[in-house]
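*Asks:* Before I ask anything, let me first share the structure, which is written out below as structure tokens.
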Amino acid sequence: MSMPVRTEFAQRMAFEGRLHVRFEAAAAAPDDAQLQALAERNAHLLGAIALLEERRAERERDEDGAMAQELARLDAKLSLLIEIVNRLLAPAASLPPRQPVRFNGLGAEVPAALVPADAAQGRLLLHFDACPALPLELACRVEMAAETAFLAFVQAGEAVEEGLDRFVFRHHRRKLADVRQSTA
């Protein structure tokens, strides 16, 4: 696993938190058609997550007026339906355990215990809280370290890399806003 990818990963902003995470080792690297299918599915999922998170952020704003109240009521109903579907599709018991993870558009760092010692490649599955039933599946190469494994994403596609970086930026921006709000 090339040091330049890991170096660039370390220099970029990254999401750091605990998500439902699983690694599936693979004997062979996926072919181009499989990578393309993964990239398309992941790009759509990242777009859906962005919309779901945007709707939650809008709900948190205080707005006046009958129209805003009606929209908030409809949004709450839609959020409830989404939550019900998520629970039906992926009960909490079927999700992998939460693990500390750090990722951006280039790769991810996960606890080494998640990755078999002899694994050279595989898929990282990230279950986001906004949509736990549909994991983001990222083909990756493995670079082991003492306590962490670095997983360099393989041909994730430009849309997925940008989507992951936007996700990271949104979460970073929310953390800053929370800090400012708590100190005000």
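Per the UniProt record's numbering, residue 1 is the first one in the sequence shown, and the count goes up by one each step.
Every residue gets a Cβ at the ideal spot worked out from N, C-alpha and C, and that includes glycine.
Values in this document were obtained by computation on a predicted structure and should not be read as measured data.
Give a yes or no on contact between the stretch 34 to 52 and the stretch 150 to 164, applying the rule of three or more CB pairs nearer than 8 Å.
*Replies:* The stretch 34 to 52, when compared against the stretch 150 to 164, does touch it at the 8 Å Cβ threshold.
*Asks:* Tell me, please, which residues DSSP counts as bridged to Leu-136.
*Replies:* In the DSSP output, where bridge partners are listed per residue, Leu-136 has Leu-126.
*Asks:* Restricting to Cα atoms, I'd like to know which of Arg-170, Gln-181 and Ala-145 is closest to Leu-51.
*Replies:* For the residues Arg-170, Gln-181 and Ala-145, the minimum Cα distance to Leu-51 belongs to Arg-170.
*Asks:* Leu-81 to Leu-138, Cα distance in whole Å?
*Replies:* When rounded, the distance between both Cα atoms is 28 Å.
*Asks:* At which residues does the beta strand (DSSP E) containing Gln-99 begin and terminate?
*Replies:* Start and end: 98 to 103.
*Asks:* For Val-168, report the span of its alpha helix (DSSP H) as first-last.
*Replies:* That run of the alpha helix (DSSP H) goes 158 to 183.
*Asks:* Measure the CB-CB distance between Gln-121 and Val-21 and report whether it falls below 8 Å.
*Replies:* Not in contact: Gln-121 and Val-21 (Cβ atoms no closer than 8 Å).
*Asks:* Specify, as a first and last residue, the run of the beta strand (DSSP E) that Leu-114 falls within.
*Replies:* Neither: Leu-114 is in no beta strand (DSSP E) and is coded neither H nor E.
*Asks:* Where Arg-150 and Ala-113 are concerned, what is the direct C-alpha to C-alpha distance, given to the nearest angstrom?
*Replies:* A small correction: the amino acid at residue 150 is Phe; Arg does not occupy that position in the sequence shown. Each residue's alpha carbon lies about 12 Å from the other.
*Asks:* Look up Ala-108 in the DSSP assignment and give the residues it is bridged to.
*Replies:* Paired residue(s): Phe-103 and Leu-151.
*Asks:* Could you work out which residue in Gly-105, Arg-18, Ala-26 and Arg-12 is closest to Val-142 when comparing CA atoms only?
*Replies:* Considering only alpha carbons, the answer is Ala-26.
*Asks:* Using a Cβ-Cβ cut-off of 7 Å (strictly less than) and excluding sequence neighbours within five positions of Arg-174, which residues of its own chain qualify?
*Replies:* Closer than 7 Å at Cβ, skipping near neighbours: no residue.
*Asks:* Sort Asn-42, Leu-164 and Pro-132 by Cα distance to Pro-97 and report the nearest one.
*Replies:* Here the closest residue by C-alpha is Pro-132.
*Asks:* Roughly how many whole angstroms lie between the Cα atoms of Phe-128 and Thr-183?
*Replies:* One C-alpha to the other measures close to 28 Å.
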